[in-house]
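Convert by adding 18 to the 1-based position in the sequence shown; the result is the number in our numbering. No residue lacks a Cβ here, since even glycine has one placed at the ideal position from N, Cα and C. Nothing here was measured: the structure is a model prediction, and the numbers come from that model. Down below is the structure, laid out as structure tokens.
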Amino acid sequence: MHFQPEFAFEGQPVRVRFAPGVRRCTGEEIARLGCSRALVLSTPPQADAAMEMAQEIGDAAVGVFTKAAMHTPVAITEEAVQHAREVRADCIVAIGGGSTTGLGKAIALRTDLPQIVIPTTYAGSEVTAILGQTEKGEKTTIIDPKVRPEVVLYDAELVRSLPVAMTVTSALNAMAHAVEGLYAQNRNPVSTLMAIEGLEAFAASLPDVMRNPHDLEARGATLYGAWLCGTVLGQVGMALHHKLCHTLGGSFDLPHAETHAVVLAHAIGFNARAAGSELEPVSRIFGGDRPGQALYDFAKSLGAPLGLREIGMKEVDLPRAADLAAAKPYWNPQPVSRDEILKLLEAAWAGDPPAF
Ligand code: NAD
């Protein structure tokens with residue numbers, strides 16, 4: 019039982035459908051929203067998927083915009099908003115990972131258009147009211163219910179094309195939302211249940227996906243995990259792990275999912291000293307009695323990158339990263355000191371097991 023004597027819970031309205039092939043119901047979902055003029059979004063590499071989707075939707079697709087990019091650059095959003103106005107779009111269909119979802123949310127922020135998201139990674143952005151945007155090299159994050167998508171269609175057929183390396187890092191990115199949700203200051207029994215179920219879904223299905231990336235049932239279970247973990251991110255506050263990843267991504271340009279994949283075990287090892295009982299499900303699900311080490315071993319077993327040095331971090335930048343991460347810390351169960359953060363980052367850079 020995950021009862022807490024005191025908590026607040028807020029239900030967040032979103033219509034979610036799961037089924038292999040459910041993307042073919044997009045036309046039905048557009049009509050259900052009372053809309054008839056969809057603008058389809060994707061990144062450049064997923065333009066084919068966007069074109070197929072537009073064909074699938076038929077007359078209710080009035081435009082295709084395929085310039086979505088990582089970290090939602092405002093200049094691209096403005097171009098997309100203009101396009102949406104020109105074609106008189108009355109809804110958005112975003113097919114892709116967090117970058118495409120981000121563009122849909124940024125358009126919704128400026129136009130109030132309803133969104134249907136068809137995720138093709140496990141990032142989880144499709145079920146949050148969070149939007150990060152970049153302008154002139156600076157990333158700002160807002161939380162606004164206006165940007166939360168109205169409909170999410172989880173189609174396991176679409177994640178079969180996700181390369182194995184991205185599958186692993188994107189899954190660890192999703193799992194990070196759930197793990198930090200377990201000790202969040204504003205967690206509630208429902209967020210805890212979802213976090214545990216999400217972690218169990220990934221623990222059970224990822225080894226099967228590694229054996230056969232086209233295993234539709236296992237892919238479906240990974241999407242189920244992504245939905246649950248993303249919902250936790252949308253409900254409760256994140257702590258040191260997300261702060262470190264935002265610092266490393268924002269100031270050192272490290273890739274999003276890979277950074278999460280490397281840092282997770284280290285941040286959790288650090289916090290396990292203060293949140294041992296909250297993190298007990300992590301040890302139970304991934305084995306052993308130290309949650310940081312358990313996550314390190316799980317990531318290693320999947321062939322995830324283990325060191326920040328493998329993903330573009332320079333060793334000379336570690337002290338500055340520690341300064342930045344310790345300067346304006348998010349709330350964290352374990353008090354944060356600059357020297358301990360540096361120790362954590364040194365182990366993460368080298369790919370060593372967690373230092374704490
Ligand atoms: P992404 O959307 O940038 O995708 C990475 C690349 O993989 C892209 O080129 C994409 O087209 C391609 N791709 C995606 N799915 C594929 C598939 N099934 N097959 C083949 N190629 C595929 O990566 P991401 O990790 O999903 O998203 C990262 C972005 O999302 C970051 O900007 C991050 O800040 C944001 N994000 C936001 C939230 C939130 O709640 N606001 C949550 C998580 C992530």
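Practice problem: Report, in whole angstroms, the separation of the C-beta atoms of Ala-343 and Lys-261, which I expect to be a contact under 8 Å. | Solution: By one-based count along the sequence shown, residue 343 stands at place 325. By one-based count along the sequence shown, residue 261 stands at place 243. Taking 8 Å as the upper bound for CB-CB distance, Ala-343 and Lys-261 are in contact here, some 6 Å apart.
Quiz item: If you run the structure through DSSP and keep just helix, strand and coil, what is Tyr-242?
Solution: Position 224 of the sequence shown, counted from the first residue, corresponds to residue 242. In this structure, Tyr-242 counts as helix in the three-state DSSP scheme.
Quiz prompt | For Val-250, three-class secondary structure by DSSP | solution = By one-based count along the sequence shown, residue 250 stands at place 232. Looking at Val-250 - three-state DSSP - the assignment turns out to be helix.
Quiz item: From which residue to which residue does the beta strand (DSSP E) around Tyr-314 run?
Solution: Locating residue 314 in the sequence shown gives position 296, where the first residue counts as 1. Per DSSP, Tyr-314 belongs to no beta strand (DSSP E); it is in the alpha helix (DSSP H), 309–319.
Practice problem: For Glu-296, count neighbouring Cβ atoms within 10 angstroms of its own Cβ and tell me buried if that reaches 16, exposed if not. | Solution: Residue mapping note: residue 296 aligns to position 278 of the sequence shown, counting from 1. Around the beta carbon of Glu-296, 16 or more other beta carbons sit within 10 angstroms, so the residue counts as buried.
Exercise. Alpha carbon to alpha carbon, how far is Lys-164 from Leu-200? Give it in angstroms, no decimals.
Key: Sequence index remark: in the sequence shown, residue 200 carries index 182 (1-based). Sequence index remark: in the sequence shown, residue 164 carries index 146 (1-based). It is roughly 26 Å from the alpha-carbon of Leu-200 to the alpha-carbon of Lys-164.
Quiz item: Where does Leu-297 sit, in a helix, a strand or coil, going by DSSP?
Solution: The residue labelled residue 297 in the question sits at position 279 within the sequence shown. In the structure shown, the three-state DSSP call for Leu-297 is coil.
Exercise. May I ask which residues mark the beginning and end of the alpha helix (DSSP H) holding Cys-263?
Key: Counted from its first residue, the sequence shown places residue 263 at position 245. According to the DSSP assignment, Cys-263 belongs to the alpha helix (DSSP H) that extends over 258–270.
Practice problem: Consult DSSP for Leu-360 and reduce its assignment to one of helix, strand or coil. | Solution: The sequence position of residue 360 within the sequence shown is 342, counting from 1. Under the three-state reduction of DSSP, Leu-360 is assigned to helix.
Self-check item: Cutoff 7 Å; reference Glu-215; Cβ partners in own chain excluding five residues on either side
Solution: Stepping through the sequence shown from its first residue, residue 215 is reached at position 197. Hits under 7 Å: Leu-246.
Exercise. Go to Pro-137, then tell me how far its beta strand (DSSP E) extends in each direction, as first and last residue.
Key: One-based indexing of the sequence shown puts residue 137 at position 119. It spans 133–137 - the beta strand (DSSP E) in which Pro-137 sits, taken as one unbroken run.
Practice problem: With a threshold of 16 other CB atoms inside 10 Å of the CB of Lys-123, please say whether the residue is buried or exposed. | Solution: Looking up residue 123 in the sequence shown gives position 105. The residue is buried, with at least 16 neighbouring Cβ atoms inside 10 Å.
Exercise. Out of Val-177, Asp-370, Val-208, Met-88, point me to the one whose CA is closest to Pro-273's CA.
Key: In the sequence shown, the residue the question calls residue 273 occupies position 255. Answer by Cα proximity: Met-88.
Quiz item: Beta-carbon separation of Leu-57 and Ile-110 under 8 Å?
Solution: Position 39 of the sequence shown holds residue 57. Position 92 of the sequence shown holds residue 110. By the CB criterion at 8 Å, Leu-57 and Ile-110 fall inside the cutoff.
Quiz item: Where does Lys-154 fall in DSSP's three states?
Solution: In the sequence shown, counting from the first residue as 1, residue 154 sits at position 136. Lys-154 falls in the coil class under three-state DSSP.
Quiz prompt | Cβ-heavy atom distance, Thr-249 to the ligand NAD, below 7 Å | solution = Translated into the one-based positions of the sequence shown, residue 249 becomes position 231. Not a single heavy atom of the ligand NAD lies less than 7 Å from the C-beta of Thr-249.
Quiz prompt | Coil, strand or helix - Gly-81 by DSSP | solution = Within the sequence shown, residue 81 is the residue found at index 63, counting from 1. Residue state, collapsed to three classes: strand.
Self-check item: Candidates Leu-121, Ser-301, Gly-310, Thr-185: closest to Ala-239 by CA position
Solution: Translated into the one-based positions of the sequence shown, residue 239 becomes position 221. Ranking Leu-121, Ser-301, Gly-310, Thr-185 by Cα distance to Ala-239 puts Thr-185 first.
Self-check item: Reference Gly-330, options Val-354, Gly-306, Lys-361, Ala-366, closest by Cα
Solution: If you number the sequence shown from 1, residue 330 lands on position 312. Nearest Cα to Gly-330 within the set Val-354, Gly-306, Lys-361, Ala-366: Ala-366.
Quiz item: Excluding the five sequence neighbours on either side, which residues of its own chain have a C-beta within less than 6 Å of the C-beta of Pro-137, listed in chain order?
Solution: One-based indexing of the sequence shown puts residue 137 at position 119. If we look at Pro-137 and ignore the five residues flanking it on each side, its Cβ neighbours are Glu-144.
Practice problem: Determine which residues share a DSSP beta bridge with Leu-59 and list them. | Solution: For the purposes of this step, residue 59 is identified with residue 41 of the sequence shown, where counting begins at 1. Beta-bridge pairing links Leu-59 to Phe-83, Ala-112.
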